[in-house]
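Numbering (the working numbering), first residue to last: 178 to 589.
Have a look at the structure below, then the notes.
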């Protein structure tokens, strides 16, 4: 079906019923977090189960961690129940906002006269979840049937690492019963004609150096104080960071996901300005590139502690293993089906390493191929930023893109 819809002075074509946009606006307005990451409340679950009812599809709600973190699964069963299924994953939670820095209310899902929908989650990643549903709605209206079952999962807590969402969910019998063969998850917007595709992620390490040393009066020059050791570690870590910056800048082919990033995120210690404290703490957020040997890097950190003077403990808040990338060649039949669909639409696809972390890592860790893909080209990257938006025409085109990709995958 084809429509033209007007909003103010802006007109755009609609390839599916215009309810696709209104459903998205409704979903984008559900969570109203300000300074803290959202806890998904019942309104999201009610909205999604209502959408499932409208599609005449079964929906189930699971609680793998606790009652505050539901996982919603909507299923469209295929003709071959033994065939591996296709998973379309998205997360319901969003990151905090600072309303005073927005030109539109961040949870009003307002559209301006240029057709830009402003809302927290419009890029990361509620719009993708709604595009999945809109694509299925259009496919069902065509009376189509597919060989493979299609499961949509809407999970919580992704923005905090998935520790109360996808991470425990993949360990449940409910997840195993989905019989997943391939998964689609979030990608990033692209500011040009290209569509970014992500088949791998760097490993996230959050490292604390608990630095102990001699304490005493601030008027003395004691040896091996925590401050001296802290300076040594900080200097070496930032030197390594500078090397990675130079590597990235010197090779135009490299993206941020191809190098290791190191950032100092916390420093703590001391209780009084004239007292040398017995302990100080450094924290670094580290994203290890795929070419880094994890054991060697860990040994490097331990050696650094010895060189700094010893009596330093390394603790890991997060220490992800290296996970093999999803193959993007003919050895992966799901990739072949995905690529066939994008080629037929003449989409410019660029494969990259995802610079951050997504729920895909928990899926890939099980040996299930997963690709991060958000059909948002010609769109500035504004996830986690003020005035996050997606243009209505980009959103609607993405629905059409997903229709073709889903058809190809579900019959592969």
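The C-beta atom is built at its ideal place from N, Cα and C for all residues, glycine as well.
These numbers come from a predicted model, not from an experiment.
Taking only three categories from DSSP, how would you classify residue i?
i	result
residue 189	Since pLDDT at residue 189 reaches only 36, below the 50 mark, its modelled position is unreliable, and no value is offered.
residue 210	Note that residue 210 has pLDDT 45, beneath the 50 cutoff, so the model's placement of it is unreliable and the number below is only indicative. Coil.
residue 216	Its pLDDT being 49, under 50, residue 216 is placed unreliably by the model, and the measurement read from it follows with that caveat. Coil at residue 216, not helix or strand.
residue 419	helix
residue 328	strand
residue 558	coil
residue 365	coil
residue 494	strand
residue 571	helix
residue 534	coil
residue 528	strand
residue 451	coil
residue 377	strand
residue 582	helix
residue 576	helix
residue 229	helix
residue 410	helix
residue 489	strand
residue 544	coil
residue 184	Reliability fails at residue 184, whose pLDDT of 31 lies under 50, so the model's placement of it is uncertain and the value that follows must be treated cautiously. Reduced to three states, the DSSP call for residue 184 is strand.
For the alpha helix (DSSP H) containing residue i, list its first residue and its last residue.
i	result
residue 512	510-521
residue 254	First-last for residue 254: undefined, no H or E at that position.
residue 353	350-353
Enumerate in chain order the residues of its own chain whose CB-to-CB distance from residue i is below 6 Å, with the five nearest sequence positions on each side excluded.
i	result
residue 514	585, 586, 589
residue 357	262, 264, 545
residue 427	none
residue 496	382
residue 432	529
Applying the 10 Å Cβ sphere with the 16-neighbour rule, what's the burial state of residue i?
i	result
residue 493	exposed
residue 246	buried
residue 268	buried
residue 235	exposed
residue 302	buried
residue 328	buried
residue 275	exposed
residue 231	exposed
residue 522	exposed
residue 408	exposed
residue 233	exposed
residue 590	The chain is shown only over 178 to 589; residue 590 falls outside these bounds and no answer can be derived.
residue 354	exposed
residue 574	buried
residue 423	exposed
residue 335	buried
residue 579	buried
residue 516	buried
On the DSSP letters alone, give me the boundaries of the beta strand (DSSP E) that residue i sits inside.
i	result
residue 471	Unbroken run through residue 471 is the alpha helix (DSSP H), 471-485; no beta strand (DSSP E).
residue 446	438-446
residue 342	It is not in any beta strand (DSSP E) - residue 342 carries neither H nor E in the DSSP assignment.
residue 388	380-389
residue 268	262-268
residue 464	456-465
residue 550	547-550
residue 236	236-239
So, at 8 Å on beta carbons, what are the nonlocal neighbours of residue i in its own chain, with the 5 sequence-adjacent residues on each side left out?
i	result
residue 410	386, 388, 459, 481, 482, 485, 489
residue 451	394, 395, 396
residue 257	324, 325
Taking 8 Å as the cut-off, does the CB of residue i come closer than this to any heavy atom belonging to the ligand ATP?
i	result
residue 404	For the structure depicted, the ligand ATP is absent and the ligand set is empty, with no information on it obtainable.
Using a Cβ-Cβ cut-off of 7 Å (strictly less than) and excluding sequence neighbours within five positions of residue i, which residues of its own chain qualify?
i	result
residue 558	365, 366, 368
residue 430	none
residue 417	439
residue 241	248, 345, 346, 349
>> Suppose only complete runs of 3+ residues qualify. What are the beta strand (DSSP E) ranges in the stretch 271-319, listed by chain order?
In response: Whole beta strand (DSSP E) segments, 3+ residues: 293-295.
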